[in-house]
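By full-length UniProt numbering, the letter at position 267 of the sequence shown is numbered 267, and the numbering carries on one by one without gaps.
Note that beta-carbon positions come from the ideal geometry of N, C-alpha and C, so glycine has one too.
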Amino acid sequence: MFLKRYILKFLHFFKKKDEHVTVLIFKDSGLGEVKARNVHHSTLKAFVIGGLSFLFFAMISFVAASFLFKERMTALKYLAENQMLKMKISEYNKKLSEIEAKINYLQEYEQKIRGLSKELKISPKYLPQGGKETSLDSLSIEKNLSYKDVEQRLRDADAIKKRLEEKEKSMADLMDTLNAIKLVVDSTPTILPANGWISSYFGKRVSPFGRGIVFHEGIDISLRPGTPIRATAAGVVVYSGWQQGYGRLVVIDHGFGYKTKYAHNSVLKVKIGQKVKRGTIVALSGSSGDSTGPHCHYEIVIGNTPVDPLKFMKSNRIASLYSGRW
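Structure below.
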C-alpha cells in the first residue's frame, strides 16, 4: 500500500505541465542563509529521466560485464583442465612406453631362461608358468575421456608396472639359480677325456709292473698316440708338467672339491692358471711315465679321495661315452 502510493505520486509528477518547482538551498555557513531557486517542471523531469536512464544502463552494463566475466572464467577453467588433461595423457603415454619396453625385455629374458633350462635338461613343468599376458590394447586411451578417467588409467598402469617389476625380480632370482646349477653342471666331470676303450678300471688290479695286487686310482683309456685329450669339465689348470709315475700330467681344479688328472701324455697343451671349458684340448695322448703303451690314465679326486670316474659318466657304454660335441 505504501509503495503503491509513492508510485502514483511519481506518475502524477510526470503528468504536470508548465509548472515550476521551488528548490531551497541551505548554505552550511552557520548563519541559516537559505536561497530559493525556481526550476521548471520539464527541466526537473528531464533530470530525473536522465538519472533513471543512467542507472538503468549502468545496471545493464554491470549485468553484461558479470556475464562476460563468468564466461571468461569458465573458458579459462576449461582451458586449464584441458592443459592438465594433456599433461596426464602425456604422462600416461610415457608409462605405456615403459610398460611395453618392460614386456619386451621380460619376453627376451624368459627365452633366455627357457634356453638355459633346456640346456640343463630341466623340464618346463618345473619352471614358473607365465600368467595372463598384458595387452597394451586394453590400456589404450579412447577419445573423450575425462580427467578422472585418465587418472584411473594411470593408477592401472602403475599397478601393471609394479607387477612386471615383481615378475622381473622373480625371473632374475630364477636365472641366478639356473646359473648356479649350470656352474655346478659345467664343473662336474661327466664325460671321458677321449673316445677310446677302457683297458683298466678303477679299483684293485694286478700290477702290470709285477708289483702284485695294487689299487688303481683311475681308469686307463687305450688310444692311438697323439689323440687329443680333453678337459672333462670347466675349471682351472693347477698343474701341467712331469710327475714321477704319471709322466706328463695335467691336473684341473673344477671347484666344489673336484679335481681331475690326465696322465702319460706326449704333449701338454695348457699352462698353470689357464681356464678351460669342458672339451678344451689339454694334451695329446702318449706313453710317458710308468706306462706299458699309449693311453690316458684318468682320475677324479674329491677332496683327497680318488673316486670311480665311471660313476660320473652320462652313460655306461664304454665306447660311446665320449659324445664328440664340444
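Endpoints, beta strand (DSSP E) assigned at residue i
{"i": "residue 235", "result": "235 to 243"}
{"i": "residue 312", "result": "Careful: residue 312 lies outside any beta strand (DSSP E) and carries neither H nor E."}
{"i": "residue 290", "result": "Per DSSP, residue 290 belongs to no beta strand (DSSP E) and is neither H nor E."}
{"i": "residue 146", "result": "Here residue 146 belongs to no beta strand (DSSP E), and DSSP marks it neither H nor E."}
{"i": "residue 204", "result": "203 to 206"}
{"i": "residue 199", "result": "197 to 200"}
{"i": "residue 213", "result": "213 to 216"}
C-beta contact flag for residue i and residue j at 8 Å
{"i": "residue 246", "j": "residue 289", "result": "yes"}
{"i": "residue 190", "j": "residue 233", "result": "yes"}
{"i": "residue 250", "j": "residue 282", "result": "yes"}
{"i": "residue 276", "j": "residue 252", "result": "yes"}
{"i": "residue 254", "j": "residue 295", "result": "no"}
{"i": "residue 270", "j": "residue 284", "result": "no"}
{"i": "residue 178", "j": "residue 113", "result": "yes"}
{"i": "residue 188", "j": "residue 312", "result": "yes"}
{"i": "residue 91", "j": "residue 164", "result": "no"}
{"i": "residue 162", "j": "residue 99", "result": "no"}
{"i": "residue 309", "j": "residue 215", "result": "no"}
{"i": "residue 279", "j": "residue 230", "result": "yes"}
{"i": "residue 302", "j": "residue 241", "result": "no"}
Reference residue i; option with closest CA among the options
{"i": "residue 186", "options": "175, 204, 149, 235", "result": "235"}
{"i": "residue 192", "options": "116, 155, 223", "result": "223"}
{"i": "residue 167", "options": "104, 228, 207", "result": "104"}
{"i": "residue 217", "options": "211, 227, 204, 209", "result": "204"}
{"i": "residue 89", "options": "291, 148, 221, 194", "result": "148"}
{"i": "residue 169", "options": "146, 110, 213", "result": "110"}
{"i": "residue 243", "options": "261, 201, 220, 257", "result": "261"}
{"i": "residue 121", "options": "286, 171, 256, 181", "result": "181"}
{"i": "residue 198", "options": "207, 220, 95", "result": "220"}
{"i": "residue 157", "options": "94, 116, 211, 146", "result": "94"}
{"i": "residue 146", "options": "85, 115, 293, 49", "result": "85"}
{"i": "residue 272", "options": "287, 279, 237, 63", "result": "237"}
{"i": "residue 176", "options": "117, 56, 297", "result": "117"}
{"i": "residue 107", "options": "78, 229, 171, 304", "result": "171"}
{"i": "residue 259", "options": "241, 47, 305, 286", "result": "305"}
{"i": "residue 286", "options": "68, 55, 72, 225", "result": "225"}
{"i": "residue 151", "options": "60, 298, 87, 173", "result": "87"}
{"i": "residue 209", "options": "96, 293, 174, 52", "result": "293"}
{"i": "residue 207", "options": "274, 173, 174, 291", "result": "291"}
Distance cut-off 7 Å: residue i Cβ against heavy atoms of the ligand SAH
{"i": "residue 146", "result": "Among the ligands in the structure shown, none appear at all, so the ligand SAH cannot be discussed."}
Identity of the residues DSSP links to residue i by a beta bridge
{"i": "residue 276", "result": "235"}
{"i": "residue 299", "result": "261"}
{"i": "residue 254", "result": "None; residue 254 has no bridge partner."}
{"i": "residue 283", "result": "229, 268"}
{"i": "residue 306", "result": "301"}
{"i": "residue 222", "result": "197, 295"}
{"i": "residue 120", "result": "None; residue 120 has no bridge partner."}
{"i": "residue 247", "result": "243"}
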